[in-house]
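Below is one structure, written out as structure tokens; comments come after it.
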Amino acid sequence: MTRKTLYLLLIGILFNIAPLLAQQDAKIHWDKPFKQDFSIKYPGKVEASERFSLAVGRHGNVQVVENGKLLRPAYGAFQQDGKLVPDHSYLPMKDKQILAIDHHEGQLVYLSDKAILSNAWAGDLYLPHGLMKAYAFAGGKHMDFVTVGTGQIHYLRKDLKTSPLPIKQQIIDLRYDKKRNQFLLLHKDGILSFTPEGNKVSELFTGNGLTSFDLDPTKDLAVVGTHKGFFTLDLSDFKSSSLNAKLP
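Per the working numbering: the sequence shown ends with 1185, consecutive numbering throughout.
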């Protein structure tokens, strides 16, 4: 084989293999780092009949109410269950019977057997509610709150003297509608509205088998859960969507 023939043969091989090499490079997959989601269990002793209450403060501290006491998650890590341990970060809370907890204006607020209170705002928030069996509450826009007990609700504001209002329905949960300055109270057969200006309760929506709800202010909707699925309510006119029952 002459040198010229060998030269032509090498050129031919290169021309034939170049497209294959380019195609191979195009199929190369480059790994990119990403954060992997994971969950950590914190087993507790909350009974099925007990209301579950949890809130997160503005600094990310989590508190849970269990049997009238405040707990916090601890010792949890990836592939390692944590524990719920007593929260002694503020000792004056140790002897209080806490019934529910929520966040309001970025701070943690508590419902005890005697009052709505907070350790924020220099401890200035302390509103006695006078209800024998209080179990839930929600905050409004003027540092005002509605507390729910068996057969009663009580609107509380520091600069206003009020009395509890009787209600026949057993309230499951309540939310504050900021746009209309009204508190919405869910029961199994509908949703009630309480307006501070009128100091009265009225029926806004009637349903059946309602179990839970929350508000979506960005869409002006209430999302309502039932035993069979969920639906949405337009808060401007309380027209409901069809029931979405296609759930896992």
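Heads up, the beta-carbon is just placed ideally off N, CA and C, and yes, glycines get one too.
Is it buried or exposed, F1015, if we count other Cβ atoms within 10 angstroms and call 16 or more buried?
On the sequence shown, position 78 is the one that residue 1015 refers to. Classification of F1015: exposed, given that the 10 Å Cβ count is below 16.
The beta strand (DSSP E) with V1169 in it runs from where to where?
Taking the first residue of the sequence shown as 1, we reach residue 1169 at position 232. The sequence given here has Thr at residue 1169, not Val. Its beta strand (DSSP E) spans residues 1167-1171.
Taking its Cβ as the centre, do 16 or more other Cβ atoms sit within 10 Å of D1024, making it buried, or is it exposed?
Here residue 1024 refers to the residue found at position 87 of the sequence shown. Under this definition D1024 is a buried residue.
D1157 to R1117, Cα distance in whole Å?
Mapped onto the sequence shown, residue 1157 falls at position 220. Mapped onto the sequence shown, residue 1117 falls at position 180. Rounded to the nearest angstrom, the two C-alpha atoms are 11 Å apart.
Whether or not the region 1085-1100 and the region 1064-1074 are in contact is what I'm after, with contact meaning three or more pairs of Cβ atoms, one per stretch, closer than 8 Å; do they touch?
yes
Considering Q1034, what are the terminal residues of the beta strand (DSSP E) in which it resides?
Indexing the sequence shown from 1 puts residue 1034 at position 97. Per DSSP, Q1034 belongs to no beta strand (DSSP E) and is neither H nor E.
Return helix, strand or coil for P980, following the three-state DSSP convention.
Reading the sequence shown from its first residue, position 43 is the one you call residue 980. Reduced to three states, the DSSP call for P980 is coil.
Cβ-based neighbour list, N1181, same chain, cut-off 8 Å, excluding 5 preceding and 5 following
The residue given as residue 1181 occupies position 244 in the sequence shown. Cβ within range, chain order: G1166, F1167, F1168.
For P1010, count the other beta carbons within 10 Å of its own beta carbon; 16 or more makes it buried, fewer makes it exposed. Which is it?
Numbered from 1 along the sequence shown, position 73 holds the residue referred to as residue 1010. The residue is buried, with at least 16 neighbouring Cβ atoms inside 10 Å.
Cβ pair I1053, L1007 closer than 8 Å
Along the sequence shown, read from residue 1 onward, the residue named residue 1053 stands at position 116. Along the sequence shown, read from residue 1 onward, the residue named residue 1007 stands at position 70. Taking 8 Å as the Cβ cut-off, I1053 and L1007 do not qualify as a contacting pair.
What is the DSSP secondary structure of L1028, reduced to helix, strand or coil?
As a position in the sequence shown, residue 1028 is number 91, starting the count at 1. Correct three-state label for L1028: helix.
Sequence-distant residues of the same chain with beta carbon closer than 6 Å to K978, five excluded per side
Taking the first residue of the sequence shown as position 1, residue 978 is located at position 41. Answer for K978: D1018, listed in chain order.
For L991 and K1033, I'd like the C-alpha separation in whole angstroms.
As a working note, residue 991 is residue 54 in the sequence shown. As a working note, residue 1033 is residue 96 in the sequence shown. Straight-line Cα distance between these residues: approximately 17 Å.
Below 8 Å on the Cβ atoms is my guess for V1083 versus F1142; work out the distance and round it to an integer in Å.
Here residue 1083 is taken as the residue at index 146 of the sequence shown, counted from 1. Here residue 1142 is taken as the residue at index 205 of the sequence shown, counted from 1. In fact, because the Cβ distance is near 18 Å, the residues do not count as touching under 8 Å.
Report back the beta-carbon spacing between S1191 and I1109 to the nearest angstrom; my notes put them in contact at under 8 Å.
For residue 1191 there is no data in the structure shown, the boundaries of the chain being 938 and 1185.
Test item: CB-CB of G1076 and Y1047 under 8 Å:
Position 139 of the sequence shown, counting from 1, holds the residue named residue 1076. Position 110 of the sequence shown, counting from 1, holds the residue named residue 1047. No, the Cβ-Cβ distance between G1076 and Y1047 is not below 8 Å.
Can you list, in chain order, the residues of its chain whose CB lies under 7 Å from that of H1066, leaving out five sequence neighbours each side?
Counting from 1 along the sequence shown, the entry for residue 1066 is found at position 129. So the list reads A1052, I1053, T1084, H1091, L1093, once near-sequence residues are dropped.
With 16 other Cβ atoms within 10 Å as the buried cut-off, status of S1026:
Walking along the sequence shown from the start, residue 1026 turns up at place 89. Label assigned to S1026: exposed.
From I1104, E1134, K1125, G1127, pick the residue whose C-alpha is nearest to that of L1097; which is it?
Translated into the one-based positions of the sequence shown, residue 1097 becomes position 160. Nearest option by C-alpha distance: E1134.
Can you tell which of M1030, D968, D1061 has the C-alpha that lies nearest to the C-alpha of S1049?
Your numbering for residue 1049 matches position 112 in the sequence shown. When only C-alpha atoms are compared, the closest one is M1030.
Are there 16 or more other CB atoms within 10 angstroms of the CB of D1081, so buried, or fewer, so exposed?
Position 144 of the sequence shown, counting from 1, holds the residue named residue 1081. Per the 10 Å Cβ criterion, buried.
Use the C-beta contact count for I965: other C-beta atoms within 10 angstroms, 16 or more gives buried, fewer gives exposed.
To locate residue 965, count along the sequence shown from 1; it is residue 28. Burial call: exposed.
Can you find a heavy atom of the ligand NAP that lies under 7 Å from the Cβ of D1126?
The ligand content of the structure shown is nil, which means the ligand NAP is not present either.
Could you please give the first and the last residue of the uninterrupted beta strand (DSSP E) stretch that includes D1151?
By 1-based counting over the sequence shown, the position of residue 1151 is 214. It spans 1147-1153 - the beta strand (DSSP E) in which D1151 sits, taken as one unbroken run.
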